[in-house]
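Have a look at the structure below, then the notes.
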Amino acid sequence: MATYKQPCNQCGELIDRDSRVCPKCATKNPYGFSCPKCLRTIARGDLACAGCGKTLTVACPLCNGQTFVGSSRCDACGRSLMVMCENKKCGVPQYFDNTKCTACGKAVKDGGKKLMKGKGSA
Ligand SMILES: [Zn+2]
Ligand SMILES: [Zn+2]
Ligand SMILES: [Zn+2]
Ligand SMILES: [Zn+2]
25 MATYKQPCNQ
35 CGELIDRDSR
45 VCPKCATKNP
55 YGFSCPKCLR
65 TIARGDLACA
75 GCGKTLTVAC
85 PLCNGQTFVG
95 SSRCDACGRS
105 LMVMCENKKC
115 GVPQYFDNTK
125 CTACGKAVKD
135 GGKKLMKGKG
145 SA
């Protein structure tokens, strides 16, 4: 039986469509969007998280445009909004506004600042 593959929302790898966890980056719910605060599933277009009430649009640290928290790229400027997890053994890219790594659970700190620092390089 052919398995259809779809890119993971988090890392972009093509993975099986029935995956619950991305085998490449260990993100749970690889096809959905997760609230950066409580990791509850959210949908593009939602204004606030049903779980914790977090506003689901954020200002992009790179261009200041409004972008949906689930997209790995800024809706306004198209630049990547992912930062590396600080856990060296993990190293999975995380959305800059996440409070916790979706793979290892380590706190993600100052994602916005890291993005600004990495601006220009790769
Ligand atoms: Zn992935
Ligand atoms: Zn939430
Ligand atoms: Zn932007
Ligand atoms: Zn991690």
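Counting from 25, one number per residue, gives the positions in the sequence shown under our numbering.
Here a beta-carbon is modelled for each residue, glycine too, at the ideal position from N, C-alpha and C.
From a predicted model like this one, the values you see are computed outputs, not experimental measurements.
Cα-Cα separation between residue i and residue j, rounded to whole angstroms
{"i": "C109", "j": "C76", "result": "23 Å"}
{"i": "L86", "j": "F92", "result": "14 Å"}
{"i": "K112", "j": "C32", "result": "22 Å"}
{"i": "K138", "j": "F120", "result": "8 Å"}
{"i": "I39", "j": "K52", "result": "13 Å"}
{"i": "V45", "j": "C35", "result": "12 Å"}
{"i": "R64", "j": "G115", "result": "22 Å"}
Residue i versus the options, residue with shortest Cα-Cα distance
{"i": "P47", "options": "G142, A127, K137, A131", "result": "A127"}
{"i": "V82", "options": "N53, N122, L63", "result": "N122"}
{"i": "L80", "options": "A50, K61, Y28, P54", "result": "K61"}
{"i": "C101", "options": "G89, Y55, L139", "result": "G89"}
8 Å Cβ cutoff, residue i in contact with chain C
{"i": "R68", "result": "Note that chain C does not occur in the displayed structure, where there is just one protein chain."}
Those residues which DSSP pairs with residue i across a bridge
{"i": "F92", "result": "T81"}
{"i": "A31", "result": "A small correction: the amino acid at residue 31 is Pro; Ala does not occupy that position in the sequence shown. Looking at the DSSP assignment, P31 forms a beta bridge with L38."}
Local conformation of residue i per DSSP, three classes
{"i": "T38", "result": "For the sequence presented, residue 38 should be read as Leu rather than Thr. Residue state, collapsed to three classes: strand."}
{"i": "K124", "result": "strand"}
{"i": "K138", "result": "helix"}
{"i": "V116", "result": "coil"}
{"i": "R97", "result": "strand"}
{"i": "G129", "result": "coil"}
{"i": "K61", "result": "coil"}
Distance cut-off 7 Å: residue i Cβ against heavy atoms of ligand 2
{"i": "K61", "result": "yes"}
Residue i beta carbon near ligand 3 (any heavy atom closer than 7 Å)
{"i": "T91", "result": "yes"}
{"i": "L86", "result": "yes"}
{"i": "R44", "result": "no"}
heavy atom of ligand 4 below 7 Å from residue i C-beta
{"i": "V116", "result": "yes"}
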